[in-house]
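> Protein chains in written order, with the working numbering: chain P, 73 to 268; chain H, 3 to 228.
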């Protein structure tokens, strides 16, 4: 985490040091669609998400970098009945997942020299996951760091005046931990991209 | 120039997303009945079909803190008859027969009804800040955009709420003829609890009691001996 910050700060202040584009930054709005066990817990899609991503060109077609995001999932279930052995509870449930993915990534870009560059990326890192179930006036909350990976396809589009667009689809997967089942969701991310 | 435009776009996008996220953090308006919780637990070794007769004592027992009496909250007796009627009606609906002369003929089960209430306090505060107007401060599960110039200083306020619980306890008297309280252990075979926030209007409280006490029986189908 600290390392990412240092790299990020270096990236910001080093902008004047390079004549050519050395790094690529994007800020995206994220929509997330839960899958698997995550969908069993919260079936509704999330439209609350943001991510910051920074990448450095190691050659004209390859970047390495990292990103930090935040996705909020939420669902209210009216008067749910849950049972465990001989105990039964009935009440309105509010369910939340706050997922904070932190990844290192590597990406390969096609169409060198073109305004539109599709790419393929691999992300690896962790997703800090906070899962909270409120029922009646009580709440159960678990917070865990999940080892995670995320394959990603996307496209960078250069438009007028170097205001660029980042568009990508990413499958996020955080491994099962002690209290929280595997976290998986497909993120559809769109935002702006700028270079230094 | 180019860099300047880029920066403006980035800042605008950040501001948009920041406002968007803060203003849309997921919450809904919460009603009293949303917070009602019904819990039931039973002894799985019991076949309720062995029971037939029941009684419900005509008084709801208030459970109080005898160590620190300042913790106690007065509980209204306004709804006692409604609660007892609901318990009786649900037992009859499940096929039990009310024992009219329990001193002569001990019933198979006794359902005691008790109630307790607790007052809870919460302290909210916000802190001085130099970020100017429209700084979100945290209140419960909501983000509010403060209209205060926060640099005037922070603040604290206290809210309280009272929660109430009704406990229906079904005791197995079938094995016992006359109970000698000092010697006999009487087993609980089913507990139904209803927990919620006190303070709603009479009509809403009446409706919440109907819903929740019926739900306690509804989710305990094994009690049905018909």
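C-beta: ideal position from N, C-alpha, C; glycine also.
Every value quoted in this text rests on a predicted model; they were computed, and no experiment measured them.
If distances are taken between C-alpha atoms only, which option among H:217, H:211, H:98 and H:88 comes closest to residue 60 (chain H)?
The residue with the shortest Cα to Cα distance from residue 60 (chain H) is H:88.
> Cα separation between residue 36 (chain H) and residue 105 (chain P)?
Taking the straight line from one Cα to the other gives about 27 Å.
> List, in order along the chain, the chain P residues whose C-beta lies closer than 9 Å to that of residue 46 (chain H)?
Near residue 46 (chain H) (Cβ distances below 9 Å), the residues of chain P are 157 and 158.
> Rounding to the nearest angstrom, what Cα-Cα distance links residue 151 (chain P) and residue 208 (chain P) in this structure?
Whole-angstrom Cα-Cα distance: 10 Å.
> Quick one: list the residues of chain P neighbouring residue 120 (chain H), beta-carbon separation under 7 Å, in chain order.
Simply none; closest approach about 10 Å.
> Given the structure, does residue 144 (chain P) come close to the ligand FAD, in the sense that its CB is under 7 Å from one of the ligand's heavy atoms?
Of ligands this structure carries none, so the ligand FAD is not represented either.
> Just tell me which of H:205, H:119, H:202 and H:209 has its CA closest to the CA of residue 165 (chain H).
Measuring from the Cα of residue 165 (chain H), the nearest candidate turns out to be H:119.
> DSSP three-state label for residue 117 (chain P), please.
In the structure shown, residue 117 (chain P) sits in coil (DSSP, three-state: anything other than H, G, I, E or B).
> Could you give the distance in angstroms between the alpha-carbon of residue 105 (chain H) and the alpha-carbon of residue 176 (chain H)?
For residue 105 (chain H) and residue 176 (chain H), the distance between alpha carbons rounds to 14 Å.
> DSSP state of residue 196 (chain P), grouped into three classes?
In this structure, residue 196 (chain P) counts as strand in the three-state DSSP scheme.
> Can you tell which of H:193, H:202 and H:207 has its C-alpha closest to the C-alpha of residue 161 (chain P)?
Checking every option, the nearest Cα to that of residue 161 (chain P) belongs to H:193.
> Just to confirm my understanding: we take residue 57 (chain H), look at its own chain, exclude 5 residues before and 5 after, and list those with CB closer than 6 Å. What are they?
For residue 57 (chain H), where only same-chain residues beyond five positions count, the Cβ hits under 6 Å are 101, 104, 109 and 112.
> Per DSSP, what kind of secondary structure is residue 162 (chain P) in: helix, strand or coil?
Three-state result, residue 162 (chain P): strand.
> Is any beta-carbon of chain P found at less than 8 Å from that of residue 217 (chain H)?
Yes, contact with chain P.
> For residue 37 (chain H), does the three-state DSSP call read helix, strand or coil?
Residue 37 (chain H) falls in the helix class under three-state DSSP.
> Here's the rule: buried if 16 or more other CB atoms are within 10 angstroms of the residue's CB, otherwise exposed. What is residue 61 (chain P)?
With chain P covering only 73 through 268, there is no way to say anything about residue 61 (chain P).
> Flag residue 199 (chain H) as yes if its beta-carbon sits less than 8 Å from any beta-carbon of chain P, otherwise no.
Interface residue, yes.
> For residue 36 (chain H), decide whether its Cβ has a neighbour in chain P, counting only Cβ atoms nearer than 8 Å.
Yes, residue 36 (chain H) counts as interfacial toward chain P.
> Mind listing which residues of the region 167-185 of chain P have their C-beta closer than 9 Å to chain H's C-betas, in chain order?
So the close ones are 168.
> By Cβ distance below 6 Å, which residues in the same chain neighbour residue 171 (chain H) in space, the five residues on each side in sequence not counted?
Closer than 6 Å at the Cβ level, and outside the excluded window around residue 171 (chain H), lie 114, 190 and 193.
> Verify the CB distance criterion: does residue 205 (chain P) have a CB-CB separation below 8 Å to chain H?
Chain H contact via Cβ: absent.
> Suppose contacts are defined by Cβ-Cβ distances below 8 Å. Is residue 242 (chain P) in contact with residue 179 (chain P) by that definition?
Contact flag unset, no.
> Given 8 Å as the limit, is there contact between the region 59-76 of chain H and the region 209-221 of chain H, that is, 3 or more CB pairs closer than that?
Contact fails: fewer than three Cβ-Cβ distances are below 8 Å.
> Please report the straight-line C-alpha distance between residue 97 (chain P) and residue 31 (chain H), rounded to a whole angstrom.
Each residue's alpha carbon lies about 38 Å from the other.
> Here's the rule I'm using: 16 or more other beta-carbon atoms within 10 Å means buried, otherwise exposed. How should residue 159 (chain P) be labelled?
Exposed is the call here.
> Looking only at its own chain, which residues have a Cβ that is under 8 Å from the Cβ of residue 90 (chain H), when we skip the five neighbours before and after it?
For residue 90 (chain H), where only same-chain residues beyond five positions count, the Cβ hits under 8 Å are 58 and 100.
> Is there at least one Cβ from chain H nearer than 8 Å to residue 240 (chain P)'s Cβ?
Closer than 8 Å: no.
> Since residue 209 (chain H) is in the alpha helix (DSSP H), which residue starts that stretch and which ends it?
Its alpha helix (DSSP H) spans residues 204-220.
> What's the C-alpha gap between residue 93 (chain H) and residue 223 (chain H)?
If I take the Cα positions, the gap works out to 12 Å.
> First and last residue of the beta strand (DSSP E) that includes residue 76 (chain H)?
Note, residue 76 (chain H): premise wrong, no beta strand (DSSP E); not H, not E.
> Which residues, taken in chain order from the region 39-69 of chain H, show a beta carbon closer than 9 Å to some beta carbon of chain P?
Within the region 39-69 of chain H, the residues whose Cβ lies closer than 9 Å to some Cβ of chain P are 39, 40, 41, 42, 43, 44, 45 and 46, listed in chain order.
> Just confirm the distance between the C-beta atoms of residue 263 (chain P) and residue 100 (chain P), as a whole number of angstroms; I'd bet it's less than 8 Å.
At roughly 3 Å, the Cβ-Cβ gap stays under 8 Å, so residue 263 (chain P) and residue 100 (chain P) are in contact.
> Taking 8 Å as the CB-CB cut-off, is residue 165 (chain H) touching chain P?
Yes, its Cβ sits closer than 8 Å to a Cβ of chain P.
> Any idea which residues DSSP pairs residue 252 (chain P) with across the strands?
Answer is none; residue 252 (chain P) lacks a bridge partner.
> Would a check of beta-carbon distances place residue 162 (chain P) closer than 8 Å to chain H?
Closer than 8 Å: yes.
> Taking C-beta pairs closer than 9 Å, name the residues in chain P that residue 221 (chain H) reaches, listed in chain order.
Correct list: 153, 155, 160, 161 and 162.
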